[in-house]
Structures are given as structure tokens and as C-alpha cells.
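Since the structure comes first, as C-alpha cells, the remarks are kept for the end.
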Amino acid sequence: MPKPSLIICDESQHSRAKTYLKIFKYYSDVPRLGFSGSPWRMNGAGFDDIYSAMVKGPTVKWLIEHKKLSPYKYYSVTLFNDEKLKKSSTGDYTSKSISDSAKPTLYGDIVKTWMDKALGQRTIVYAHDTQHSKQIAAEFRKAGISAKHCDSKTPSDERKRIMRDFRNGKITVLCNFGLVDEGYDVKECTCCVIARPTESLVFDIQATMRCMRYLPNKMATIIDHAANYTRFGLPDTPRQWSLTGRPKKKGNNTSALPIRTCPHCWAVIPAQCKVCPQCGEEIPIDNEGMDTQDNVKLEKVGEFKMTTDYQNNRYGKMKPDDADNVGDLYKIAKARGYKPGWAYMNAKRMGMLG
Numbered sequence: 001m002p003k004p005s006l007i008i009c010d011e012s013q014h015s016r017a018k019t020y021l022k023i024f025k026y027y028s029d030v031p032r033l034g035f036s037g038s039p040w041r042m043n044g045a046g047f048d049d050i051y052s053a054m055v056k057g058p059t060v061k062w063l064i065e066h067k068k069l070s071p072y073k074y075y076s077v078t079l080f081n082d083e084k085l086k087k088s089s090t091g092d093y094t095s096k097s098i099s100d101s102a103k104p105t106l107y108g109d110i111v112k113t114w115m116d117k118a119l120g121q122r123t124i125v126y127a128h129d130t131q132h133s134k135q136i137a138a139e140f141r142k143a144g145i146s147a148k149h150c151d152s153k154t155p156s157d158e159r160k161r162i163m164r165d166f167r168n169g170k171i172t173v174l175c176n177f178g179l180v181d182e183g184y185d186v187k188e189c190t191c192c193v194i195a196r197p198t199e200s201l202v203f204d205i206q207a208t209m210r211c212m213r214y215l216p217n218k219m220a221t222i223i224d225h226a227a228n229y230t231r232f233g234l235p236d237t238p239r240q241w242s243l244t245g246r247p248k249k250k251g252n253n254t255s256a257l258p259i260r261t262c263p264h265c266w267a268v269i270p271a272q273c274k275v276c277p278q279c280g281e282e283i284p285i286d287n288e289g290m291d292t293q294d295n296v297k298l299e300k301v302g303e304f305k306m307t308t309d310y311q312n313n314r315y316g317k318m319k320p321d322d323a324d325n326v327g328d329l330y331k332i333a334k335a336r337g338y339k340p341g342w343a344y345m346n347a348k349r350m351g352m353l354g
């Protein structure tokens with residue numbers, strides 16, 4: 001193979017993978033260029049030993065305003081019980097009451113919610129494992145909706161047919177596990193259903209924005225059944241990207257790298273693995289301890305508007321990192337029309353909750 005003059009890496013958030021690193025090392029004197037919409041690793045590792053500089057592209061807000069992405073409506077549960085929120089002497093909510101008022105729960109009946117919020121819309125459903133995806137597809141079909149499951153083990157010819165039928169509109173709902181998280185573009189897809197909790201910012205960005213590919217007069221619908229927005233915010237939430245790594249933090253947050261044991265071969269592996277790197281078996285997400293509530297009604301927690309009142313509001317102009325305390329974050333959330341979960345998520349990220 002002739003020596004390349006330039007290495008171009010798409011989806012460069014994967015640049016720390018062993019195969020990538022071997023190539024970079026072998027061609028260490030070849031310039032490299034990486035592209036990513038989500039330059040972030042769950043383990044906090046940075047990219048400053050791979051790339052020398054970061055050139056930041058336009059924000060999601062800019063892309064929506066300039067008709068490169070579609071505006072969206074985002075539905076999820078009302079995560080906080082206001083009766084449990086208590087204020088301290090400073091006027092801020094106490095960290096304990098914020099934690100007590102939130103539950104890590106998978107909410108809502110998926111099909112009923114979809115029929116209420118996105119009936120008829122071409123939809124991608126993200127399940128937490130293969131069996132869950134198949135079950136969801138079956139529930140849609142019981143309701144008379146054309147739905148199919150597809151994953152990496154679906155035979156190639158069948159997978160191509162399913163993808164073609166979804167693209168052409170013959171299939172309304174495409175249910176999957178780990179197949180169309182990245183690099184899959186169907187502009188006619190107007191809805192994404194997130195039916196799995198996650199600690200991965202990359203997955204959250206990539207999955208929720210599958211339905212935001214631009215078409216004139218299109219309004220995307222995002223249905224979050226796991227309240228992931230409390231960890232990551234909304235699609236147009238401002239983000240501070242950097243090549244520098246993040247320090248690991250204690251506790252259950254997005255900067256932690258949890259581990260688990262493969263139920264097939266008992267290898268200890270990163271918890272976010274979809275397939276065991278040792279034995280090659282699929283790893284189902286452990287739902288033990290996670291509530292499933294079928295009768296909880298979802299509500300809209302965010303919406304991008306082309307003209308917004310917060311532009312003339314001091315707190316509406318502030319970025320999360322400009323906040324001095326939790327109270328400021330709640331005022332920013334209120335000014336921007338976000339739910340309290342957005343403030344909670346940023347308070348955790350900024351270490352304000354202790």
C-alpha cells in the first residue's frame with residue numbers, strides 16, 4: 001500500500017480505537033484530519049496526542065437557524081417532583097432535594113406515546129438490546145403500524161431490504177439496537193424514539209439528531225423515554241468541546257467509566273460495550289433496579305424556536321459555564337424555556353452538587 005499524503009478520519013471520536021492508533025503510529029509523519037460532531041469519550045480520554053488543534057464548526061443552533069438542520073420538539077417525562085424540591089438559606093435548591101426528586105426510570109408506553117406525539121411519522125427507535133427492539137417492533141405491528149427490527153446480525157440481503165423500505169416509506173418505524181447510531185441519513189425520518197438510558201454523550205447526540213436532517217418545513221420530534229436530557233441537555237444545548245481529556249469523577253455521572261461482567265464468559269469489560277470484546281457475545285443492558293412505568297404521560301420539555309424571547313433576557317444570553325451557582329442555572333433554564341432537568345444536569349457537570 002503506498003504511503004498516503006493525508007489521513008482523513010470521519011467520526012473521529014473513535015480515533016482512540018486500537019486499529020486507528022496503529023495506523024496513526026505507522027504513518028506518524030503523515031498529516032491527519034479528523035471530523036466529528038461529538039468529539040467525546042466516555043472514559044474521559046482526550047485527543048490532544050492525536051490531533052494538534054481543534055477547529056470548531058457552527059453550533060446546532062446556527063445550523064437550525066440557517067436551515068442546515070431541522071428544528072425540533074423534544075418530549076420526555078416531568079422528571080422532578082416539585083413537592084420534594086427544597087431551598088436552602090441561600091435560595092438555591094439543596095443538592096439532596098434535587099437528587100431525591102429524580103428517578104432513573106424508563107417511562108411511558110412507547111407505542112401509545114408515539115401515536116399521541118408522532119402518529120404516521122417515519123421513525124427510528126433506539127432499544128437497549130436486540131430482544132427489546134424486536135419486542136417494540138412487534139408492539140407497533142399489533143397497533144397496525146408497519147414496523148421492522150434490524151441489527152448487525154440481520155442477514156445482509158434482509159437488512160438492505162429493510163433499509164430500502166424504510167427509506168422509501170414502506171416501513172414507518174425502524175427499530176434497532178446498535179445499528180444506525182451514526183452515519184445513517186434519511187431526511188424523511190422526522191421522529192426518533194430513545195427507549196434506552198445511556199451515559200454516552202456521543203450516542204445521545206448521534207441518536208437524537210438522526211431525525212433532524214433538513215427538509216423544508218420539517219419539524220423533528222424526539223421522544224426520550226429515559227429522561228437522558230437530564231444528563232446531556234437538548235440537541236442545541238451549548239457544549240464546550242476540547243481536545244484535552246476530562247478527569248474522572250466519583251459517583252454516577254457522565255464522566256464515570258463503569259464496568260461490568262460479561263454474563264457469557266465473565267470477562268470484566270466497560271459497561272457501555274454492546275458486544276463482549278472477549279467472547280463476541282451481545283451484552284444486554286441490565287434493567288434490574290430500573291423501573292418500567294407504562295402509564296406515565298410524557299410532556300414536551302424543549303423546542304427550538306426560530307425567534308425566542310430569551311434573547312433580550314440577561315439569563316437567556318448566559319451560557320451554563322457563566323453561572324455562579326445552581327440558582328443561576330435554574331434562571332437560565334427558565335429564560336430558555338428548558339425544564340429543571342437541564343439545570344440539574346449542568347450543575348452535576350460543573351461540580352455544584354457536591
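Just so you know, the sequence shown maps onto residues 1 to 354 in full-length UniProt numbering. Don't be surprised by glycine CBs; every beta carbon is placed ideally from N, CA and C. Bear in mind that the values here come from a model prediction, so they are computed numbers and not experimental data.
Checklist entry - In its own chain, which residues sit with a C-beta less than 6 Å from the C-beta of E188, not counting the 5 before and 5 after it? => result Take E188, set aside five residues on each side of it, and the residues of its chain with a beta-carbon closer than 6 Å to its own are R122, in chain order.
Item to check | Paired residues, beta bridge with T221 - DSSP | outcome: Partner(s): K73, C191.
Next on the checklist: Does the segment 217-230 come into contact with the segment 13-32, if we say contact requires no fewer than three beta-carbon pairs (one atom in each stretch) closer than 8 Å?
Outcome noted: No: fewer than three Cβ pairs fall under 8 Å.
Checklist entry - By DSSP, does E288 sit in helix, in strand, or in coil? => result Note that E288 scores 49 on pLDDT, short of 50, meaning its location in the model is unreliable; the coordinates nonetheless yield the value given after this. The DSSP-derived three-state label of E288 is coil.
Item to check | Host beta strand (DSSP E) of D151 (start-end) | outcome: Looking at the DSSP string, the run of the beta strand (DSSP E) that includes D151 is 147-151.
Checklist entry - Are L174 and I223 closer than 9 Å when you measure CB to CB? => result In terms of Cβ geometry, L174 and I223 do not form a close pair [threshold 9 Å].
Next on the checklist: Could you tell me the alpha carbon to alpha carbon distance between L6 and M352, rounded to whole angstroms?
Outcome noted: A straight-line Cα-Cα distance of about 43 Å links L6 and M352.
Checklist entry - Of the residues M318, Y344, Y338, A335, which one's Cα is nearest the Cα of V326? => result For the residues M318, Y344, Y338, A335, the minimum Cα distance to V326 belongs to Y344.
Next on the checklist: Considering just the uninterrupted stretch of the beta strand (DSSP E) at G34, what are its terminal residues?
Outcome noted: G34 -> beta strand (DSSP E) spans 32-34.
Checklist entry - To which residues does DSSP link I23 through a beta bridge? => result Per DSSP, none; premise fails for I23.
Checklist entry - Three-state secondary structure (DSSP) at L179? => result The answer is coil: DSSP assigns L179 none of H, G, I, E or B.
Checklist entry - Does the segment 322-342 come close enough to the segment 224-237 to have 3 or more Cβ pairs within less than 8 Å? => result In this structure the segment 322-342 lies against the segment 224-237, because at least three pairs of beta carbons, one per stretch, are closer than 8 Å.
Checklist entry - For L63, which of helix, strand or coil comes out of DSSP? => result Reduced to three states, the DSSP call for L63 is helix.
Item to check | Assigned secondary structure, E282 (DSSP; H/G/I helix, E/B strand, else coil) | outcome: In the structure shown, E282 adopts extended strand secondary structure according to DSSP, grouped into three states.
Checklist entry - With DSSP run on the structure shown, which of helix, strand or coil describes C265? => result Because C265 carries a pLDDT of 43, less than 50, the predicted location of this residue cannot be relied on, and the following value inherits that uncertainty. C265: coil per DSSP, three-state reduction.
Next on the checklist: Tell me which residues share the same chain as N176 and place their Cβ nearer than 8 Å to its Cβ, disregarding the 5 neighbours each side in the sequence.
Outcome noted: These residues qualify, in order along the chain: I124, V125, Y126, A127, S133, H149, C150, D151.
Item to check | V55 - containing alpha helix (DSSP H), residue span | outcome: From DSSP, V55 is part of no alpha helix (DSSP H); its letter is neither H nor E.
Checklist entry - Can you check whether the CB of L201 is closer than 9 Å to the CB of S38? => result For S38 and L201, yes; Cβs fall inside 9 Å.
Next on the checklist: Is the beta carbon of A118 closer than 9 Å to that of L243?
Outcome noted: Result no, Cβ atoms of L243 and A118 do not sit closer than 9 Å.
Item to check | Per-residue burial, S36 [other beta carbons within 10 Å of its own, 16 or more giving buried] | outcome: Flag for S36 reads buried.
Next on the checklist: Measuring straight from C-alpha to C-alpha, what distance separates W114 and K61?
Outcome noted: A direct Cα-Cα distance of roughly 26 Å separates W114 from K61.
Checklist entry - Whose C-alpha, out of A333, F47, C211, T172, is nearest the C-alpha of D185? => result Comparing Cα-Cα distances from D185 to each of A333, F47, C211, T172, the minimum goes to C211.
Checklist entry - Within 10 angstroms of its Cβ, does G34 collect 16 or more other Cβ (buried), or is it exposed? => result G34 is buried by the Cβ-count criterion.
Item to check | Alpha-carbon spacing of V193 relative to N43, whole angstroms | outcome: Their backbone Cα atoms lie some 26 Å apart in a straight line.
Item to check | For Y330, three-class secondary structure by DSSP | outcome: DSSP places Y330 in helix when its eight states are reduced to three.
Item to check | When G120, I64, C9, K25 are compared against I171, the one with the closest alpha-carbon | outcome: For the options G120, I64, C9, K25, the alpha carbon positioned closest to that of I171 is the one of G120.
Checklist entry - Considering only C-alpha positions, which residue in the set K334, D129, Y338, N346 is nearest to D324? => result Checked all of K334, D129, Y338, N346; the closest Cα to D324 is N346.
Next on the checklist: Among the candidates P238, R161, C9, E139, whose CA atom is the shortest distance from the CA of R336?
Outcome noted: That would be P238, whose Cα lies nearest to the Cα of R336.
Checklist entry - Under the rule that 16 or more other beta-carbon atoms within 10 Å means buried, what is S99, buried or exposed? => result Per-residue confidence for S99 stands at a pLDDT of 45, beneath the threshold of 50, marking its modelled position as unreliable; no derived number is given.
Item to check | Close Cβ partners of T308 (< 7 Å) along its chain, the five nearest in sequence each way excluded | outcome: Annotation note: pLDDT 42 at T308 (below 50); position unreliable, coordinate value reported separately. Counting only Cβ-Cβ distances below 7 Å, and skipping sequence neighbours, we find nothing.
Next on the checklist: Using the three-state DSSP reduction, which class does T198 fall into: helix, strand or coil?
Outcome noted: In the three-state scheme derived from DSSP, where H, G and I count as helix and E and B as strand, T198 is classed as coil.
Checklist entry - By DSSP, does R213 sit in helix, in strand, or in coil? => result R213: strand per DSSP, three-state reduction.
Item to check | Which of helix, strand or coil DSSP assigns to T208 | outcome: Residue state, collapsed to three classes: helix.
Checklist entry - From which residue to which residue does the beta strand (DSSP E) around I110 run? => result No beta strand (DSSP E) contains I110, which is instead part of the alpha helix (DSSP H) from 110-117.
Next on the checklist: Nearest by alpha-carbon distance to D129: which of R141, M350, A195 is it?
Outcome noted: Of the candidates R141, M350, A195, A195 places its Cα closest to the Cα of D129.
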